[in-house]
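Engineer: One structure is given below, represented as structure tokens, and several questions about it will come after.
There are 2 protein chains.
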Amino acid sequence: MAFAHKGHDTIVFDNYFRRDAARALHANALLPNPDLKERAKIWNAVSDAPIRVEIGDCMDFKRLSKLVEELEPDCIIHYAEQPSAPYSMLGYEEASRTLHNNLGSTFNLIWAVKEHVPDCHIVKLGTMGEYGTPNIDIEEGWLDVKHNGRTHKFLYPRTPGSLYHTTKVMDTDLLWFYARIYGIRVTDLMQGPVYGLSTPETDMDARLLPNFHYDDVFGTVLNRFMVQAVAGIPLTVYGSGGQRKGFLNLLDTLQCVELAMNNPPEAGELRILNQFTEVFSVNELAELVYRVGNEMGLGVEIKAIENPRKESEDHYFNVKHSGLLELGLKPHLMSDEVLAEMIRRVAQYKDKIDPGQIMPRMSWRNA
Amino acid sequence: MAFAHKGHDTIVFDNYFRRDAARALHANALLPNPDLKERAKIWNAVSDAPIRVEIGDCMDFKRLSKLVEELEPDCIIHYAEQPSAPYSMLGYEEASRTLHNNLGSTFNLIWAVKEHVPDCHIVKLGTMGEYGTPNIDIEEGWLDVKHNGRTHKFLYPRTPGSLYHTTKVMDTDLLWFYARIYGIRVTDLMQGPVYGLSTPETDMDARLLPNFHYDDVFGTVLNRFMVQAVAGIPLTVYGSGGQRKGFLNLLDTLQCVELAMNNPPEAGELRILNQFTEVFSVNELAELVYRVGNEMGLGVEIKAIENPRKESEDHYFNVKHSGLLELGLKPHLMSDEVLAEMIRRVAQYKDKIDPGQIMPRMSWRNA
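Right, dumping it as structure tokens:
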């Protein structure tokens, strides 16, 4: 909607993977969630920038390839991956679906582009979680290594913390290989967790609000905390809460993708941009929701629980993220008012909150 | 056969992937090539160490899992991958089969082990080609990186030169992830090209000789050169011939795998061993075959052709490979006599040589 609104001819191709997976796990999105065809109808009625929706699967190469051939896109924004780390750790079936979907969809997209629109720019959603938490500075995609008196620039070595994140490391490898061999052009956006419940476009109709999950599988930590604050449930901090990540506002995600799209890399280039604006630890987020929620009279409490993940809870974290700022990103930073506004939105849907979705159902230790 | 001969209870599970793919490409092995069931029958008649053969596909998780549950192996040697770089570059279908087979089979194996024999040692065949040709020393799997005053040990960053090699980088990532999360134990043998036409076991019956391909897709450079020398065709050097690789004798491959098997790593460890004994450039191999072949009166010539691959033809190459020597490897090095003996073996099958299989049919430049 944001890109259509700005004048880009926009087509969406989707197979409802997450919607179906969330339904199978009884994880219901908090905000109204009409399907894509319905949302397109609503959007096309309230805006003057219509969006075409095609329902189909990137794993179906003939279908995807034909669509790319027909449309001749200048840019393809590749979000067609199973996006949840906990989902990928549930068991064999979910892990297998994650591996095959994420690599198969990326592979098919590469070949559709290579065969029909070799100059097309692929903007792929990566994740900051690919890097893991090494004990040195995290650079923006590449690392100059000095070793025994010689130097070489490598793709920054990655240590992902879930099977999902491992598939994202692999799809970067796949895109980079085909970039250097066949000259496709790729931007890999290493995104941190996104927060935000509205944009100028979603506010045109309440049925256009973004997807909002707060459950243990598809939710994010800040969504969970806001829902817990509203529902009177203590904020569940996993382990000691020292885990630090780079976050960004939904408005900035949209800016970043458009900046990447409007400034494509060279043919044969894999450009990597670290996409976040601010770093918070889990404890800092919990304290922020605690303070702002209590100022709103919500009676928020914090409670540490055993960490279902295997991850460092106290780690070095110094990450470069200058590329998108250089392209022109104007960050929307977190503030008490931004958080309070999100909590007020969540509170409007308080009756729909299902506390049974919140606690972790799987563990990295005993899948 | 070598492992059975040494007293290991040995079961082979195979789906004839390479055999079928080679047949589809009209790439015929030079030496007699009865199928596995027939070979097992021949072997079981001439030896006192019978081998059981099961024909099936590692992509069939139920079948593989049931077999692992039934057998409770101490060690699984994982060779179940599409092994050819040129095959993986032929086109969409071959690339797709390579990606899905190599990752799917590794993934299924991991889960079968995790569910039924968590202490089982997986010995996976990797390849030296995963490293590519960086401008610094290649270490044995891991690299201590110093950066801005801090240090971190990373999996050695890899820059593979074909889709096949890219899938091998990915399966290392997959095994490493599950090693650190679920505690499986893995040895990754980063093998260089193997040469050799016989072992004590294969020499017990001419129908037990190893697989010998010399074609553009499944052959190796030294096999091609020996066949060209015997057939009176100039040795085809790809490009300027400065490409350097680590090679080893078939006898040493078998030693290495058994040394790994008899000395398993700890639970949760990914142990990486660089498996080769000597480095040769393509030109050095061509000159060796030229000299020895001409001493045998074969009238050998050398002819450079355009390189179908995208690779460095003049690169730094200093690779550590002490791990297997420390485990006890006693190398069988290349010599004029070793080469002459191989050429004499190839010459026995001179009438079966098909010159139409030798020249490259695909290019990295225009798949």
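These protein sequences, in sequence, are chains A and B. FYI, my numbering numbers position 275 of the first sequence as 711, with every residue one higher than the one before it. FYI, my numbering numbers position 118 of the second sequence as 554, with every residue one higher than the one before it. Cβ coordinates follow ideal geometry from the N, Cα and C atoms, glycine included.
1) In its own chain, which residues sit with a C-beta less than 7 angstroms from the C-beta of proline 791 of chain B, not counting the 5 before and 5 after it?
2) So what does DSSP say about histidine 552 of chain A, is it helix, strand or coil?
3) With a threshold of 8 angstroms between beta-carbons, can serine 532 of chain B be considered close to chain A, or not?
4) Quick one: using the 10 Å Cβ neighbour count with 16 as the cut-off for buried, is threonine 587 of chain A buried or exposed?
5) Could you say if the region 684 to 701 of chain A and the region 538 to 549 of chain A meet the contact criterion of at least three C-beta pairs nearer than 8 angstroms?
6) By a C-beta neighbour count over all protein chains shown, 10 Å radius and 16 as the cutoff for buried, is glycine 585 of chain A buried or exposed?
7) Locate the beta strand (DSSP E) running through methionine 662 of chain A, then write down its first and last residues.
8) Please confirm whether isoleucine 617 of chain A has its beta-carbon closer than 8 angstroms to some beta-carbon of chain B.
9) Would you please verify whether the beta carbon of asparagine 528 of chain A is less than 8 angstroms from any beta carbon of chain B?
10) Run down chain B in chain order and give the residues with a C-beta less than 7 angstroms from the C-beta of aspartate 609 of chain A.
11) Applying the criterion that 16 or more other CB atoms from any shown protein chain within 10 Å of the CB defines a buried residue, is valine 482 of chain B buried or exposed?
12) Please report how far the alpha carbon of leucine 761 of chain A lies from the alpha carbon of cysteine 556 of chain A, in whole angstroms.
13) Evaluate asparagine 647 of chain A with the Cβ neighbour count: other Cβ atoms within 10 Å of its Cβ, from every protein chain shown; 16 or more gives buried, anything less gives exposed.
14) Could you check whether the Cβ of isoleucine 572 of chain B sits closer than 8 angstroms to any Cβ belonging to chain A?
15) Below 8 angstroms between beta carbons: does that hold for phenylalanine 661 of chain B and leucine 721 of chain B?
16) Which residue comes first and which comes last in the alpha helix (DSSP H) that contains serine 771 of chain B?
17) Does the Cβ of histidine 757 of chain B have 16 or more other Cβ atoms within 10 Å, making it buried, or fewer, making it exposed?
18) Is it buried or exposed, glutamate 517 of chain B, if we count other Cβ atoms within 10 angstroms and call 16 or more buried?
19) Look up valine 728 of chain A in the DSSP assignment and say whether it is helix, strand or coil.
20) Kindly list the residues whose CB is nearer than 6 angstroms to the CB of isoleucine 614 of chain A, restricted to its own chain and excluding five residues on each side of it in sequence; keep chain order.
21) Contact criterion: CB-CB distance below 8 angstroms. Does valine 581 of chain B meet it with respect to chain A?
22) Can you name, in chain order, every residue of its own chain whose Cβ lies under 7 angstroms from the Cβ of leucine 645 of chain B, other than the five neighbours on each side?
23) Can you check whether the CB of methionine 437 of chain B is closer than 8 angstroms to the CB of tryptophan 479 of chain B?
24) Does the contact criterion of 3 or more C-beta pairs under 8 angstroms hold for the region 589 to 598 of chain B versus the region 566 to 578 of chain B?
25) Check whether the region 450 to 467 of chain B and the region 771 to 785 of chain A are in contact - that is, three or more C-beta pairs closer than 8 angstroms.
26) Taking the beta carbon of methionine 770 of chain A as the centre, do at least 16 other beta carbons fall within 10 Å, making it buried, or is it exposed?
27) Going by CA-CA distance only, name the one from B/Glu742, B/Asn754, B/Pro509, B/Val782 that's closest to arginine 797 of chain B.
28) Below 6 angstroms CB to CB, which residues in the same chain sit around alanine 465 of chain B once its five sequence neighbours on both sides are set aside?
29) Could you have a look at glutamate 530 of chain A and say whether DSSP puts it in helix, strand or coil?
30) Whole angstroms is fine: what's the gap from threonine 603 of chain A's alpha carbon to alanine 531 of chain A's?
31) Which value, in whole angstroms, describes the spacing of the CA atoms of alanine 485 of chain B and valine 663 of chain B?
32) What does histidine 649 of chain A reach in chain B if we use C-beta pairs closer than 8 angstroms?
33) Since alanine 783 of chain B and valine 725 of chain B are thought to touch, with beta carbons under 8 angstroms apart, how far apart are those beta carbons, to the nearest angstrom?
34) Of all the CB atoms in chain B, is at least one closer than 8 angstroms to the CB of arginine 586 of chain A?
35) Taking C-beta to C-beta, are histidine 583 of chain A and leucine 579 of chain B nearer than 8 angstroms?
36) Any C-beta of chain A sitting closer than 8 angstroms to the C-beta of tryptophan 479 of chain B?
Structural biologist: Concretely, from the data shown:
1) As a working note, residue 791 of chain B is residue 355 in the second sequence. Excluding residues within five positions, the ones whose Cβ falls inside 7 angstroms are Ala667, Ile669.
2) Translated into positions along the first sequence, residue 552 of chain A becomes position 116. Three-state DSSP puts histidine 552 of chain A in a helix.
3) As a working note, residue 532 of chain B is residue 96 in the second sequence. For serine 532 of chain B, the answer is yes, since a Cβ of chain A falls inside 8 angstroms of its Cβ.
4) Stepping through the first sequence from its first residue, residue 587 of chain A is reached at position 151. The residue is exposed, with fewer than 16 neighbouring Cβ atoms inside 10 Å.
5) The region 684 to 701 of chain A vs the region 538 to 549 of chain A: no contact.
6) Translated into the one-based positions of the first sequence, residue 585 of chain A becomes position 149. Exposed, by the Cβ-count rule.
7) The residue you call residue 662 of chain A lines up with position 226 of the first sequence. For methionine 662 of chain A, no beta strand (DSSP E) encloses it; the enclosing alpha helix (DSSP H) starts and ends at 657 to 667.
8) Translated into the one-based positions of the first sequence, residue 617 of chain A becomes position 181. Isoleucine 617 of chain A counts as touching chain B.
9) To locate residue 528 of chain A, count along the first sequence from 1; it is residue 92. Looking at the sequence itself, residue 528 of chain A is tyrosine, so the reference to asparagine does not match. Yes, its Cβ sits closer than 8 angstroms to a Cβ of chain B.
10) Working through the first sequence from its first residue, we reach residue 609 of chain A at position 173. Those within 7 angstroms of aspartate 609 of chain A in chain B are Thr602, Val605, Met606.
11) Translated into the one-based positions of the second sequence, residue 482 of chain B becomes position 46. So valine 482 of chain B counts as exposed.
12) Position 325 of the first sequence, counted from the first residue, corresponds to residue 761 of chain A. Position 120 of the first sequence, counted from the first residue, corresponds to residue 556 of chain A. Those two C-alpha atoms are separated by around 24 angstroms.
13) Position 211 of the first sequence, counting from 1, holds the residue named residue 647 of chain A. Result: exposed.
14) Reading the second sequence from its first residue, position 136 is the one you call residue 572 of chain B. By this cut-off, isoleucine 572 of chain B is an interface position.
15) Within the second sequence, residue 661 of chain B is the residue found at index 225, counting from 1. Within the second sequence, residue 721 of chain B is the residue found at index 285, counting from 1. Yes, the Cβ-Cβ distance between phenylalanine 661 of chain B and leucine 721 of chain B is below 8 angstroms.
16) Reading the second sequence from its first residue, position 335 is the one you call residue 771 of chain B. No residue range can be given for serine 771 of chain B, since it is assigned to no alpha helix (DSSP H) and is classified by DSSP as neither H nor E.
17) What you label residue 757 of chain B is simply residue 321 of the second sequence in a count that begins at 1. With at least 16 other beta carbons inside 10 angstroms of its own, histidine 757 of chain B counts as buried.
18) In the second sequence, the residue the question calls residue 517 of chain B occupies position 81. Classification for glutamate 517 of chain B: buried.
19) Along the first sequence, read from residue 1 onward, the residue named residue 728 of chain A stands at position 292. Annotated three-state conformation of valine 728 of chain A is helix, per DSSP.
20) Start at 1 with the first residue of the first sequence, and residue 614 of chain A comes out as number 178. The sequence given here has tyrosine at residue 614 of chain A, not isoleucine. Here the set comprises Ile546, Ile620.
21) What you label residue 581 of chain B is simply residue 145 of the second sequence in a count that begins at 1. Chain A, which has a Cβ nearer than 8 angstroms to the Cβ of valine 581 of chain B, makes this yes.
22) The residue labelled residue 645 of chain B in the question sits at position 209 within the second sequence. Leu467, Pro468, Leu633, Ser634, Thr638.
23) For the purposes of this step, residue 479 of chain B is taken as residue 43 along the second sequence, with counting starting at 1. For the purposes of this step, residue 437 of chain B is taken as residue 1 along the second sequence, with counting starting at 1. Cβ distance < 8 angstroms, so tryptophan 479 of chain B and methionine 437 of chain B count as in contact.
24) yes
25) no
26) Sequence index remark: in the first sequence, residue 770 of chain A carries index 334 (1-based). By the C-beta density criterion, methionine 770 of chain A is buried, having at least 16 other C-beta atoms within 10 angstroms.
27) As a position in the second sequence, residue 797 of chain B is number 361, starting the count at 1. Among B/Glu742, B/Asn754, B/Pro509, B/Val782, the Cα nearest to that of arginine 797 of chain B is on B/Glu742.
28) For the purposes of this step, residue 465 of chain B is identified with residue 29 of the second sequence, where counting begins at 1. Counting only Cβ-Cβ distances below 6 angstroms, and skipping sequence neighbours, we find Asn647, Phe648, His649.
29) Against the first sequence, residue 530 of chain A aligns to sequence position 94. The answer is helix: DSSP assigns glutamate 530 of chain A an H, G or I state.
30) The sequence position of residue 603 of chain A within the first sequence is 167, counting from 1. The sequence position of residue 531 of chain A within the first sequence is 95, counting from 1. Those two C-alpha atoms are separated by around 10 angstroms.
31) By 1-based counting over the second sequence, the position of residue 485 of chain B is 49. By 1-based counting over the second sequence, the position of residue 663 of chain B is 227. Cα to Cα, the separation comes out at about 33 angstroms.
32) Taking the first sequence and counting its residues from 1, the one referred to as residue 649 of chain A is at position 213. Neighbourhood of histidine 649 of chain A in chain B, by CB distance below 8 angstroms: empty, with the nearest CB roughly 24 angstroms away.
33) Translated into the one-based positions of the second sequence, residue 783 of chain B becomes position 347. Translated into the one-based positions of the second sequence, residue 725 of chain B becomes position 289. Actually they are not in contact, since the Cβ atoms of alanine 783 of chain B and valine 725 of chain B sit about 13 angstroms apart, beyond 8 angstroms.
34) Taking the first sequence and counting its residues from 1, the one referred to as residue 586 of chain A is at position 150. Yes, because at least one Cβ of chain B sits closer than 8 angstroms to the Cβ of arginine 586 of chain A.
35) Position 147 of the first sequence, counting from 1, holds the residue named residue 583 of chain A. Position 143 of the second sequence, counting from 1, holds the residue named residue 579 of chain B. Between histidine 583 of chain A and leucine 579 of chain B, the CB-CB gap stays under 8 angstroms.
36) Working through the second sequence from its first residue, we reach residue 479 of chain B at position 43. No, no contact with chain A.
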